[in-house]
Each structure stands twice: as C-alpha cells, then as structure tokens.
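Below you'll find the structure, written out as structure tokens, and then a few comments.
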Amino acid sequence: MASVDQFQPPAGSTTDVIRVALVGNPNTGKSTLFNALAGMRVRTGNYPGVTITKKVGRMTLGDRPVDLIDLPGTYSLAPRSPDEMVAVEVLSGDLQSEPPVDVIVCVLNATLLQRSLFLVSQVLELGRPTLVVLNMSDTAQSRGLRIDAQRLEQNLGCPVVSTSASKRGGIDELRQRLADLVMSVGQSDAGSESASQRRDDWALPESFYQICDQFRSHLIQSACVPVQSGNPTDDLPANTAELPDDYLLQRALLDRGGAAEKRLVRKLGAAILPVLNETRDQLRSDFDDVVDMECSSRYTWAGRKLDGVLSQGSGSGGLTDTLDGILTHRVLGLAIFAGLMLLVFQSIYSLAGYPMDWIDAATGWASDLVTDAMQPGILRSLITDGVIAGVGGVVIFVPQIALLFFFLAVLEDCGYMARAAFLVDRIMRLFGLSGKSFLPLMSSFACAVPGVMATRVIENRRDRFATMMIAPLMSCSARLPVYLLLIGAFIPSVTILGFLGLPALVLMSMYAVGVLVAIPVSLILKHTMLRGEAAPFVLELPEYQWPDPTVVFAKVWEASREFLVRAGTLILAASILIWFAAYWPGDHTRQYELQAELAQIKQQLDASESSPAGPLMQRRDEVSEELKVISSDLLESSLLGRVGHAIEPAVRPLGWDWKIGVGALASFPAREVIISTLGTIYSLGGDVDEEDEGLIGAIRAATWPDGSPVYTVPTVLSVMVFFALCAQCVSTLLVIRRETNSWRWPVFSFTYMTVLAYIGAMLTYQVGSLWSAG
Amino acid sequence: MTTLDQLCPGEKATIVRIAGVDGIASRLREMGFVPGQPIQFLRAAPLGDPLKCSVQGSRIALRCGEAQRVYLEPASAS
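Those sequence lines, one after another, are chains A and B. Just so we're aligned: 284 in numbering that gives the first Met the number 0 is position 285 of the first sequence, and the numbers increase by one with no gaps anywhere. Just so we're aligned: 44 in numbering that gives the first Met the number 0 is position 45 of the second sequence, and the numbers increase by one with no gaps anywhere.
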C-alpha cells in the first residue's frame, strides 16, 4: 500500500521562513485570530493571477521566522468559488509562485463542531502538521456546551487549542502550541509520522483507498507517470516530484470535473483521463453515489471523533433568533433595513463633510503657500494646478471611503450583512443579481471605488463582475457638484404638485437615471458576456456578535491606504496630463506678468487697508480682467482647446458647444474636473466651485456666435444625463482592472458607459428641444 | 416525504436526501445538510424567498429553488 507521507519538509528549512496557513469555514473568527497573532505587521497584496486579497503576517515563533497566511473562508477542499480555489491551491502548494504551506491551523467555530470537522477531516488528509483551534469557545460555554479539548486532541491526533479570539482568550496557549509545532517542522519524522499513523483512521471507507492505490498503479503502468527507479511504494522514489500525491488522486476521483482533476491533467497530460474515468466507474460499482459516500463517511468520522468530547447544553442561539425575528420581520425588518441604509448613506455625506472640508482647506492652504513662495511660471502652475489640485481631488474622498468601509466592516462583522442580503435577494434578482450585490451597489452611491472593492463579498464570479459593471452607474458623490451647479443655474425653482420642488425632482431623476439604466445593462450582461446557469443562493447567517475593533480598524486602514496608493498615483498622473494639455502650447509670459502684478497689487491693498485706494483697485480689476481674457485665449489655443474645437461636430448633436465638450473631455479622469475646467474656460481662472456666483453668471451669459444662449434647459439636462451615465473616473476603472485582473472589463465598462452617455445625452437634448419648440 | 420549501415556519423535520449531484448538492452537504440530520424551517424572507432554516446549529438561508431539492421526513407528531 502506498504510503501517505509524500510530503517532505523543505530541505534546510531551519533557516527558511515557515509558512503557516489559517484555514476555516466562513464566520469562524479567522481574521480576528489572524490579527491577534500577527498584530499589525501585515502585508496585503493579491495572489498572482487572481483578485483575492492575500494577507500575510510576519512573526517569530520559537526563534523561527514565520509567515502567517490568512486564507479565504471555505467549507471544504472541493473549491467552488475563486476564493476557495485560492485557499485550496495555497494549501496544496499548487501556486507555482509560492512554496507549499508547512503548517496548517484549522480554525473551527466551537458551537458548530460537528459540521466544522468535515473540513478538518479533509485538511488532515493533506498530511501536513496541523493544529486545530476551537474558536468562540466562550460562546459555546455560555450555552452550556462542554467541549473536552484534550479528548478531542487524542481522538484527532493533532494539537487542539480552545480560544475566544474576540476576547483575546487562549491566544498565548495557541502561540505556544503553534511554536512547538513550527519548531518540529523540518525534523525528519515530524508530520509524516503522525500522518501515516492516522491512515488507518481516515474518514473514507478502506475500499476507496484501495481503489485509489489501484488508480496510482494504473497511472504508472499506462506510463502516464514516468518512473525512473524503484516503485511508488518505496519510501523515496527518485521522481517524487513527478508523482502526484495521494491527496490529489483522491480529490480527482471524488470531484468530477473539479479543480483536482484539472490539476492532474495539467501535471500529467490528458492521457490520464481514460484511466481516471475507468477508476471512477469502478468506484461507482462500489458506491452508488460517490459524493454522498464522501459526505456521510466524513460525518460519521466526525461523530466518532466527537465521541465523549461533547456534552450538549441547551444548544440554542436564543438571542440571535430573537433578533432575527425583529431584523428580518416582514414589516419591521424592512423598515429597520431602510433606516440603516439611510443612516449609512446620510453619514457618508454629513460626517465625511467635516474632514473633507479640512482636506479642502489644507489643499487650498498648500496651494496658496506655493503661490506665495514661487514666481508665476510653468513650475508653479504644474505644482498648484497639476499636482496639488490633482492629489487634493483624490485625498478629499478618503474620509468617505474610510467611513463607508467602517460601516461595511461593522455591519459585516456583527452579522447584519448576511441578513441584508437575505432581505433584498428577491428584489436584486430583478437585476439578475443576488442579495449579495446590494451593499456594493449601495456603497457606489458614495463612490464607485469602494463599491467595486466591496464586491469581494460576492463569491459567484458572474454576479460579482455584473455588479462591478453597473456599480459606476450609481450616481456617486462626484456627480453631485455638477448637478448642483447646473440645476442651480438653470432649473427654475417652481413647486409642482403643491410640495415637490422642480430642482429636487430633477436631482432625484438624475439619481434614478443610473439605477434605471443599470437594470437592463445587468440583465443583458447576464444573458451575454456573463451567461451561465443561475448562481445558487446558499448563505450562512452567522450569529450576531460585537464587531472586533482591530478587524474593523484593519479593514478601514487597508481600504484607505489601498485607495490612496493605487488610485492616487494614477489620478496624479492624469491630472498632470490634463494640466499639460491645457497649458501647452502657448506663450504664458504675459499671463505670468499679470499674475505677478496682481499679487503685488493685492499686497499693496492689504498694506493700505483703511486708506482709500481707488486707482489701485481699478488697476486690480483691469489686470484680473486681462488675465481672464489671456487665460481663456491660452486655453483655447492649447492642446485641450484645439481638441475641443476638433470634437465640436461630435458634441453638437448633444446641444453642446466646444467649451462644454472640452469640459467633458477634461473630466474623463474625474468628473469634478469639469467645474474647474468650466471655470478656466469662462475666464475665471480654475479656482471656482459650484456655488460661485461668477461661474453661474458666466454660464448663464454664454452665447453661440449668433447670440443665442448656449445653455438652454435641454442642453443642461443633456449635460447632466451625460455625467450621470459616463464612466468619467480613472480611479474606478483602475479598481475594476485590479479586481478583475484584466484590462478587458475596465475597457468594456468605459466603452459601454460612454456610448450610453452619448446616446442618453443626445436623446435628452433632441427630445427636449422638440418639446420646448412645440 | 416533503421538501424544505413546503414546511411551515417553526416546523421541524429530518433530512432524507438532497437531490442532484452538482455543486449545490455537495455545498449543502458540506454545510451540514446530511441525511438523518434534524432540520427546522425558521422563516421566509419578507418577500417570500429566500428561506431560513437551522441545521446542525447553524442558520442557512437558501432560495426556494434550492430548498425544493432538500427532501424531508416530517417529524412524527408526538
């Protein structure tokens, strides 16, 4: 019989970093445990080729450097979502870019012991040194559930530690036992001995293992596996590397069409398929239903291991069911849900407002500082208009993102998120999505960047991608200034139906446009690019619990940092590019002279505060007027201005002149840019905001060459619809790129949204013009 | 023999089998839907779907479509 101890500790591993992986069902408190063990010394990144976030904490255990790896939650080692696939690949050492895992820590929910042992039985078969953690043991205890951890340790043949991670209980013991296990790695008989000793006590029927051994011999006989010396029953065949381990063979037999089968084919070639199918036929003659056999065998095994371990208490999750009675109630539950969402939504606007004002003030201050310290010139223009304006435009969203992720983390960690998905699943199905898509979409009303990042909670790839594709259609806060400016300037403040203000109605319609367009887009996607069988909705509703502050903090920190670093670098580059296009070519000498003179006049005015300085003020007005004209001319002859004239024919059907065209073009990296671009264009310098009377006045007064006004109601509506639908946000596109790990999806969302925006704006203008004409 | 979606709120039963051999069937099994295990139907979502039930101490939400595949033996009225 083939031995199971194929796993050999890496040579010379005493000096190498030991890799310890945390694995477990979702909602077992794995992240809390990870934070408790690794502290904040955590590196995050993506697994190569996949979008799953990888968390690695470097620590020292018993003098040895250890990398603690937090794997995505999984119910079994037969992976079905990309998340689970990563967990399994890391565990089995199938990621080419990474060495295999040395030690496995299997985290269980102590209140769900029997079910959790299903995963344990699969993990033990990997033959790696394993430690089992019974987390949430305090909860189990409070329910009168007595667990004899020592007995379980004997039964399982591997260390078992009880913890309550949220209260930092049992962490020291866990660290100690883990250190012992880590120290034994690399010592010749560690792990392998215990594995082979366990063999006779494994979960599946003996005949299954026999068939598995036959499968191996068949593979060798049919020359699928090159054998150079000896036979596989020898302890160390020269070609160990060529031999798939027992674990892989077993999983390939058990999971038809699963990951192990694909991996085996990759390793040994398609020639093994006939042998595989032949062996499966044999299995079927022994067991009616192989999947059933595995499940029931494992549960039987679990029952055997729990013999004498558990003494049952009341075993009810009283509080959770009571709370669920309220929170998922037909009327009350929906009302609370709506209230909560409103609260989150409102806080993102109102609470984030304060730090956003501070950041705005800080960027203004920095800009003033540079303006004062430097002579007018290309470098100053680059720093103030390019760098500070660009970076400030990104940093200003950090409070919103941090706050949103704070709410997401709290709602998720306390267990409410699963209920929210449960409540709205039926509604989200109208979009072709599931309840799990709700929160990412909701988040996108604040900003699509965290919204897209929040889609990570969706396991199903097609649902996840569809959600990402429609998230930018939710009207984000960056569109609001555009709406406010244009509505404030052009929509008469009349009341309709006795209570509804027309401006509010128009604003609401802009938010509705995105949502209404998202429905067909999502449905079409689900029937074309993301076609496939309906994703099942099976979701565990965890017990309610207090969120762990360290986990919440870590999530907020990570999201903010990621946003700043990744999106920030690109927004910076983009705003420098736009600045350059608006600056070059052109002779800015006169502009600088005027700027310098203006600064001088201002200084003089400040100095002679109280004394009347009529001529000086007159000169100031003259200079700023000339400056506006010159700046405007320079912009018109700049690259951006020329492009604006070039694209004018294309934007005419939307009712736009070249200036709006340029504004829209300049705001492709970020929508907010339109305000400052319009400000520049209408000779006011870039420094205006949506409340600036000057800008409102200027756009009201803007005319076509024939004297008719540029901004009519149809034009204004067309601009707003364009902004509501267009993908003018480099950050979002880049986040989509990162989350899908492909350029295809950001390119697609950019294209479809731009086309939609163009058509939507054109329809709005044409229909609106007919209306106002008729 | 009945299916999970046909139980009344609060009703208990014993799992007999899960129909099908696809991913969902195995996922349900891994989550504790094993023949012989007691199951309790807790409630439906406000719009009637999905359903919430309790198996092996955990609460699982699943859609009616999935629930139809869980065959049950109603608990004998005792």
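We put the CB at the ideal spot given by N, CA and C, even for glycine.
Looking at the backbone, the Cα of D137 (chain A) and that of I395 (chain A) are separated by about 42 Å. Residues of the region 113-138 of chain A that bring their beta carbon within less than 9 Å of a beta carbon in chain B comprise Q113, R114, F117 and L118, in sequence order. By the neighbour-count criterion, in which 16 or more other beta carbons inside 10 Å mark a residue as buried, N276 (chain A) falls on the exposed side. Closest in C-alpha terms to V85 (chain A), from the list A:Q121, A:F33, A:V22 and A:P128, comes A:V22. Here Y353 (chain A) is exposed, its C-beta having fewer than 16 other C-beta atoms within 10 Å.
Around the beta-carbon of S666 (chain A), 16 or more other beta-carbon atoms lie within 10 Å, marking it buried. With contacts defined as CB atoms closer than 8 Å, R461 (chain A) and L529 (chain A) qualify as a contacting pair. Residue contact with chain B for P204 (chain A): absent (no Cβ-Cβ distance below 8 Å to any residue of chain B).
Out of A:A20, A:T59, A:K53 and A:Q153, the CA that lies nearest to the CA of V104 (chain A) is found in A:A20. For T714 (chain A), the uninterrupted alpha helix (DSSP H) segment begins and ends at V712 to L724.
Counting only the Cα atoms, L634 (chain A) lies some 7 Å from Y582 (chain A). Between F421 (chain A) and A66 (chain B), the C-beta spacing is not below 8 Å. Distance from the CA of L247 (chain A) to the CA of G450 (chain A), rounded to the nearest whole angstrom, comes to 38 Å.
Close CB contacts of L252 (chain A) within its chain, under the 7 Å cut and outside five residues either way in sequence, are with C211, F214, T278, R279 and L282 (chain order). With contacts defined by Cβ atoms closer than 8 Å, V397 (chain A) and L563 (chain A) form a contacting pair. If the five residues before and after T327 (chain A) are omitted, its C-beta is found closer than 7 Å to the C-beta atoms of R418, F421 and L422, all from its own chain and listed in chain order.
Under the 8 Å criterion on CB atoms, P8 (chain B) is classed as non-interfacial with respect to chain A.
8 Å or more divides the Cβ of D656 (chain A) from the Cβ of P546 (chain A). Comparing C-alpha distances from M468 (chain A) to each of A:R736, A:G257, A:I646 and A:R329 shows the shortest one belongs to A:R736. With distances taken between CA atoms, R455 (chain A) lies nearest to A:F437 out of A:F437, A:F444 and A:I358. For a Cβ distance threshold of 8 Å, residue set V537, L538, E539 and L540 of chain A lies close to I59 (chain B), ordered along the chain. The distance from the Cβ of S163 (chain A) to that of G169 (chain A) is about 6 Å, consistent with a contact at the 8 Å cut-off. B:I23 is the residue among B:L61, B:E72 and B:I23 whose C-alpha sits nearest the C-alpha of D254 (chain A). Within the same chain, L130, P158 and V160 come within 7 Å of R176 (chain A) by CB-CB distance, once the 5 residues on both sides are set aside.
For V22 (chain A), the three-state secondary structure derived from DSSP is strand.
Annotation for T43 (chain A): T52, K53, K54 and E557 place their beta carbon closer than 7 Å to its own, counting only its chain and skipping 5 residues before and after. With fewer than 16 other Cβ atoms inside 10 Å of its own Cβ, G47 (chain B) counts as exposed. Within 10 angstroms of the beta-carbon of L762 (chain A) lie fewer than 16 other beta-carbons, which makes it exposed.
For A365 (chain A), not one C-beta of chain B is nearer than 8 Å to its own C-beta.
Inter-residue distance for V41 (chain A) and R57 (chain A) is about 7 Å (C-alpha atoms, whole angstroms). Using a Cβ distance threshold of 8 Å, Q603 (chain A) and L615 (chain A) count as a contacting pair. Neighbours of Q55 (chain B) in chain A, taken as residues at a C-beta separation under 7 Å, are given in chain order as L111, Q113 and R114. Contact annotation: the region 361-374 of chain A does not touch the region 331-350 of chain A, with fewer than three C-beta pairs closer than 8 Å.
Comparing alpha-carbon positions, the option among A:A361, A:L151 and A:V505 lying closest to A301 (chain A) turns out to be A:L151.
Under the Cβ criterion (8 Å, minimum of three pairs), the region 578-594 of chain A does not count as touching the region 70-81 of chain A. Around the beta carbon of W201 (chain A), a 10 Å sphere encloses 16 or more other beta carbons of the protein chains shown; the residue is thus reported as buried.
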